[in-house]
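Numbering (full-length UniProt numbering), first residue to last: 1 to 124. Yeah, the Cβ is synthetic: ideal placement off N, Cα and C, and Gly gets one too. This one's a predicted model, so the numbers in the text were calculated from it and none came from an experiment.
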Amino acid sequence: MMLISIEMAASDAAWGVTGALVAGLVVAGFLVWAIRLGIKVRRREQDPSRTSPQPPRPDRGGGHDMSAHERREPDEVPRAADESERLTPHQLHSSGSRRSEDQSRPRWESGSGGSFGSGGSGAS
């Protein structure tokens, strides 16, 4: 009696494994079919249209953000003439900074302190 129940349990497990294997093969076959269908449809489509040729770059290089290389200084908010007067958005500036009139780059002075505010002489 025990032998029959073991055989039945083994056969149920075998059917479960076989069913999972068959279902996996069906899913894999469906995926292969879908990919082949997609490739076939793609081959029948027209090539994407080409855009017109792009204009040449300017002689000075172009394509670079010049604002990253300029010195900026704070642009103060204008004061209202009267305390009761309110400033409207068009009276304010578009950003909190403006282009500095002095565009020279700051240079290190010899004998000045190093980085991180060490305040040392900078000379060893």
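{"query": "Straight-line gap, residue 12 to residue 41 (C-alpha atoms, nearest Å)", "result": "43 Å"}
{"query": "Residue 99 - partner residues in DSSP beta bridges", "result": "72"}
{"query": "Closest by C-alpha distance to residue 74, when choosing among 14, 51, 39, 95", "result": "95"}
{"query": "Contact set for residue 98: own chain, Cβ-Cβ below 6 Å, skip 5 residues either direction", "result": "75"}
{"query": "Under 7 Å between C-beta atoms of residue 80 and residue 87", "result": "yes"}
{"query": "Three-way DSSP call (helix, strand, coil) for residue 80 in this model", "result": "coil"}
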